[in-house]
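Undergrad: When you line the sequence shown up against full-length UniProt numbering, it's residues 1 to 573, in that order.
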Amino acid sequence: MEMSSMEQKKATELVERKKGGYRTIPFIIANETFEKVANVGLHVNMILYLLQEYHFDPATGAIIIFLWNALSNFFPIFGAFLSDSWLGRFRVIALGIVIDLVGLVVLWLTAIFRHARPQCDVEPCANPTTLQLLFLFSSLALMALGAGGIRPCTLAFTADQINNPENPHNERTMKSLFNWYYASVGISVTVSMTFIVYIQVKAGWVVGFGIPVVLMTFSAIMFFLGSCLYKKVKPNKSLLTSLAQVIVAAWKNRHLPISPKNSDIWYFHNGSNLVQPTGKARFLNKACMMKNREKDLDSGEMPIDPWSLCTVRQVEELKAIIKVLPIWSTGIILATSISQQSFSIVQAQTMNRVVFHMTIPPTNFAAFIILTLTIWVVVYDRILVPLFPKERVLTVKQRMGIGLLISCLATLVAALVERKRRNEAIKEGFIDNPKGVVNMSAMWLVPQYCLYGLAEGLNIIGQIEFYYSQFPKTMSSIAVSLCALGIGMGNVLGSLIVKVVKDGTKRGGEASWLASNINRGHYDYYYALLFILNLVNLLCFFIWSRIYGSTRDIKNWEEEVDTRVLEKELDTK
Numbered sequence: 001m002e003m004s005s006m007e008q009k010k011a012t013e014l015v016e017r018k019k020g021g022y023r024t025i026p027f028i029i030a031n032e033t034f035e036k037v038a039n040v041g042l043h044v045n046m047i048l049y050l051l052q053e054y055h056f057d058p059a060t061g062a063i064i065i066f067l068w069n070a071l072s073n074f075f076p077i078f079g080a081f082l083s084d085s086w087l088g089r090f091r092v093i094a095l096g097i098v099i100d101l102v103g104l105v106v107l108w109l110t111a112i113f114r115h116a117r118p119q120c121d122v123e124p125c126a127n128p129t130t131l132q133l134l135f136l137f138s139s140l141a142l143m144a145l146g147a148g149g150i151r152p153c154t155l156a157f158t159a160d161q162i163n164n165p166e167n168p169h170n171e172r173t174m175k176s177l178f179n180w181y182y183a184s185v186g187i188s189v190t191v192s193m194t195f196i197v198y199i200q201v202k203a204g205w206v207v208g209f210g211i212p213v214v215l216m217t218f219s220a221i222m223f224f225l226g227s228c229l230y231k232k233v234k235p236n237k238s239l240l241t242s243l244a245q246v247i248v249a250a251w252k253n254r255h256l257p258i259s260p261k262n263s264d265i266w267y268f269h270n271g272s273n274l275v276q277p278t279g280k281a282r283f284l285n286k287a288c289m290m291k292n293r294e295k296d297l298d299s300g301e302m303p304i305d306p307w308s309l310c311t312v313r314q315v316e317e318l319k320a321i322i323k324v325l326p327i328w329s330t331g332i333i334l335a336t337s338i339s340q341q342s343f344s345i346v347q348a349q350t351m352n353r354v355v356f357h358m359t360i361p362p363t364n365f366a367a368f369i370i371l372t373l374t375i376w377v378v379v380y381d382r383i384l385v386p387l388f389p390k391e392r393v394l395t396v397k398q399r400m401g402i403g404l405l406i407s408c409l410a411t412l413v414a415a416l417v418e419r420k421r422r423n424e425a426i427k428e429g430f431i432d433n434p435k436g437v438v439n440m441s442a443m444w445l446v447p448q449y450c451l452y453g454l455a456e457g458l459n460i461i462g463q464i465e466f467y468y469s470q471f472p473k474t475m476s477s478i479a480v481s482l483c484a485l486g487i488g489m490g491n492v493l494g495s496l497i498v499k500v501v502k503d504g505t506k507r508g509g510e511a512s513w514l515a516s517n518i519n520r521g522h523y524d525y526y527y528a529l530l531f532i533l534n535l536v537n538l539l540c541f542f543i544w545s546r547i548y549g550s551t552r553d554i555k556n557w558e559e560e561v562d563t564r565v566l567e568k569e570l571d572t573k
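1) By the DSSP assignment, the alpha helix (DSSP H) with Asp298 in it spans what residues?
2) Pull up the distance between the alpha-carbon of Ala366 and that of Ile322, whole angstroms please.
3) When the Cα atoms are used, what is the spatial distance from Cys288 to Val92?
4) Alpha carbon to alpha carbon, how far is Val498 from Gly504? Give it in angstroms, no decimals.
5) Quick one: Cα of Thr338 to Cα of Tyr49, how far?
6) Would Ala442 be called buried (16 or more neighbouring beta carbons within 10 Å of its own) or exposed?
7) Check whether the Cβ atoms of Ser329 and Asn534 sit closer than 8 Å, and answer yes or no.
8) For Ala244, count neighbouring C-beta atoms within 10 Å of its own C-beta (all shown protein chains included) and say buried if the count is 16 or more, exposed if not.
9) At the level of alpha carbons, what is the spacing between Gln463 and Cys483?
10) Could you give the first and the last residue of the continuous alpha helix (DSSP H) run that contains Cys450?
11) So what's Ser441 in DSSP terms, helix, strand or just coil?
12) Less than 8 Å between the C-beta atoms of Thr372 and Leu454, yes or no?
13) Given that a residue counts as buried once 16 or more other Cβ atoms are within 10 Å of its Cβ, and exposed if not, what is Trp251?
14) Let me check understanding here. Comparing Cα to Cα, which of Pro58, Thr158, Asn433 and Ile258 lies closest to Phe343?
15) Between which residues of its own chain and Lys202 is the CB-CB distance below 6 Å, once the five residues before and five after are set aside?
16) Between the Cα of Tyr181 and those of Ala156, Ser192, Lys231 and Gly436, spot the shortest distance and give me the residue it belongs to.
17) Using C-beta distances below 6 Å, list every residue in its chain close to Gly436, excluding the 5 sequence neighbours before and after it, in chain order.
18) If you draw a straight line from the C-alpha of Gly20 to the C-alpha of Ala425, how long is it?
19) Tell me which same chain residues have a C-beta within less than 8 Å of the C-beta of Ile97, skipping the five on either side of it?
20) Give me the DSSP bridge partner(s) of Pro124.
21) Is the beta carbon of Pro152 sitting closer than 8 Å to the one on Pro76?
22) Is Thr551 helix, strand or coil when you go by DSSP?
23) So if DSSP puts Thr359 in a beta bridge, which residue, or which two residues, is it bridged to?
24) Among Ser469, Gln52, Glu301 and Ala479, which has the Cα closest to the Cα of Asn127?
25) Sorted by chain position, which residues of the same chain lie with C-beta nearer than 8 Å to Arg421's C-beta, five sequence neighbours on each side aside?
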């Protein structure tokens, strides 16, 4: 019976090894590509839909967009825990695809049915009713919930298919995956920001919202077609419980002295190669310290009370999350700056958008962000990395820091361009006409977009690679979702800054910096405020990066020690 069980286990492992590989990548990438094409254009163009169809002012519309983006980036952290702890990545992605598709259909219905939106037969236009807002916000919430299943798991699921620790070039392969995955996303986002947005502006909202529904349906079909080929890593069902156990055990054992490194204090590791905890966050080391082996372990060498004794690996998993949080926090301000595109769209509407005898929609200029990001990925991965030796290529923390520096430059350029645009509007007599088009090309907005794209290519991709390298494979969805969580926090902070600036700069009857009339407001002051925040954020990154120290404290989470060696160690104890 025992041999039969062992043979069955080996057969199962052999089948699993035959699954995955590069043949699965087209199905996953196709799903991700069409999902991005379907959804990103909606995020970019939604500000126009809110202004034109629901009659919100720019600041209120921007706050709604901020909060929607925040939800779209908050839900992934829950999706990550759900996939890594319970359902697995495949099921969470599948669930997210279905929910996202339902949200797109509901949004499409708001465009199809005229009474789903407020009427505007006579000026002033009617405000949306509670039922109309509920219909709109339910579609946005469903799309955000769907993103919570797709975003944190797709990259980790892709990595599962090609990750092979036995391959000597595995580390280089995984780094290249991060870069090219982001590049493929960048291409799909560029398509969405140009063609989908253009169709929405020219053909109307019914056609513009209908096309994403069709694309998302095709995305779902492609993903499910490859289901029999995917390598499906089993979830760690005790992940959340495991992290909680470390906190409780460390508190229960708080009276124990913290032992020096390489001391004779016994640390419980249960066969893992992590036989002794690292020296960082040492208080948590008490969670895996054994007081009395006979009393702490049962006959099977397992803890009698897992809430009083944890493994070294459990402790290090919690430490991994805690240690990255300070560096993670520096991505919040960057996300706040990059997500300011709602105001840039309002600016572009008042500028000359004719390029090569074509009138470009105001939302299409944001495509330069993704275009620059994609070009950077190609140049870095295919030119810089092969050209320079490994030790001379930028480290992951250096790339993140340079990205934050470029973000400072981007906000400074944005402030200077808006000052020039406003002065030109006043000079041409448009001070009370926010819809007047100034004699200034909208191409002036392109440099700030390009800088934001380069900042994102350096910092955001660097963040994903950094988190992925610091966490074990079983936590890879959480590693990826941390970046999304930072973007979500950036959107929440952005909505708070907009609200404070809008209300706080109304003095003595003067127009707010973020007034509905962009020419009477001072959007340049707002960008200058973001520039100051980015400078402070850059300084914080230097401090946290230095405190963090080495990124190679744990080189391999996945290896296990020989149990015979472990038994010898037990005997010597």
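By construction, the Cβ of each residue, glycine as well, lies at the ideal position given by its N, Cα and C atoms.
Note that the coordinates shown come from a computational prediction; the quantities given were computed from them, not determined experimentally.
TA: Short version:
1) The sequence position of residue 298 within the sequence shown is 298, counting from 1. Note, Asp298: premise wrong, no alpha helix (DSSP H); not H, not E.
2) For the purposes of this step, residue 366 is taken as residue 366 along the sequence shown, with counting starting at 1. For the purposes of this step, residue 322 is taken as residue 322 along the sequence shown, with counting starting at 1. Rounded to the nearest angstrom, the two C-alpha atoms are 35 Å apart.
3) In the sequence shown, the residue the question calls residue 288 occupies position 288. In the sequence shown, the residue the question calls residue 92 occupies position 92. Near 32 Å, if we compare the C-alpha coordinates of Val92 and Cys288.
4) Locating residue 504 in the sequence shown gives position 504, counting from the first residue. Locating residue 498 in the sequence shown gives position 498, counting from the first residue. Between Gly504 and Val498, the C-alpha separation is close to 10 Å.
5) Mapped onto the sequence shown, residue 338 falls at position 338. Mapped onto the sequence shown, residue 49 falls at position 49. It should be noted that the sequence gives Ile, not Thr, for residue 338. One Cα belongs to Ile338, the other to Tyr49, and the distance between them is close to 21 Å.
6) Taking the first residue of the sequence shown as position 1, residue 442 is located at position 442. Only buried fits Ala442, as 16 or more other CB atoms lie within 10 angstroms of its CB.
7) As a working note, residue 329 is residue 329 in the sequence shown. As a working note, residue 534 is residue 534 in the sequence shown. No.
8) Within the sequence shown, numbered from 1, the residue matching residue 244 stands at position 244. Classification of Ala244: exposed, given that the 10 Å Cβ count is below 16.
9) Start at 1 with the first residue of the sequence shown, and residue 463 comes out as number 463. Start at 1 with the first residue of the sequence shown, and residue 483 comes out as number 483. Cys483 has its alpha-carbon roughly 7 Å from the corresponding atom of Gln463.
10) Along the sequence shown, one-based indexing puts residue 450 at 450. It spans Val446 to Gln470 - the alpha helix (DSSP H) in which Cys450 sits, taken as one unbroken run.
11) Within the sequence shown, residue 441 is the residue found at index 441, counting from 1. Ser441: strand per DSSP, three-state reduction.
12) For the purposes of this step, residue 372 is taken as residue 372 along the sequence shown, with counting starting at 1. For the purposes of this step, residue 454 is taken as residue 454 along the sequence shown, with counting starting at 1. Yes, they are a contact pair.
13) Working through the sequence shown from its first residue, we reach residue 251 at position 251. When all chains shown are included, Trp251 counts as exposed.
14) Looking up residue 343 in the sequence shown gives position 343. Ranking the options by Cα distance to Phe343, first place goes to Pro58.
15) Reading the sequence shown from its first residue, position 202 is the one you call residue 202. Cβ neighbours of Lys202 beyond the five flanking positions: none.
16) The residue you call residue 181 lines up with position 181 of the sequence shown. The candidate whose alpha carbon is nearest that of Tyr181 is Ala156.
17) The residue given as residue 436 occupies position 436 in the sequence shown. Counting only Cβ-Cβ distances below 6 Å, and skipping sequence neighbours, we find Phe430.
18) Here residue 20 refers to the residue found at position 20 of the sequence shown. Here residue 425 refers to the residue found at position 425 of the sequence shown. For Gly20 and Ala425, the distance between alpha carbons rounds to 58 Å.
19) In the sequence shown, the residue the question calls residue 97 occupies position 97. Counting only Cβ-Cβ distances below 8 Å, and skipping sequence neighbours, we find Asn31, Glu35, Gly146, Gly149, Ile150, Met216, Ser219, Ala220 and Phe223.
20) Along the sequence shown, read from residue 1 onward, the residue named residue 124 stands at position 124. DSSP output for Pro124 lists no bridge partner at all.
21) Indexing the sequence shown from 1 puts residue 152 at position 152. Indexing the sequence shown from 1 puts residue 76 at position 76. Yes; because the gap between Cβ atoms is below 8 Å, this pair is in contact.
22) As a position in the sequence shown, residue 551 is number 551, starting the count at 1. Coil, per DSSP.
23) Position 359 of the sequence shown, counted from the start, is the residue given in the question as residue 359. Paired residue(s): Val354.
24) Taking the first residue of the sequence shown as position 1, residue 127 is located at position 127. Nearest C-alpha to Asn127: Gln52.
25) By one-based count along the sequence shown, residue 421 stands at place 421. Cβ within range, chain order: Gln347, Thr350, Met351, Val438, Met440 and Trp444.
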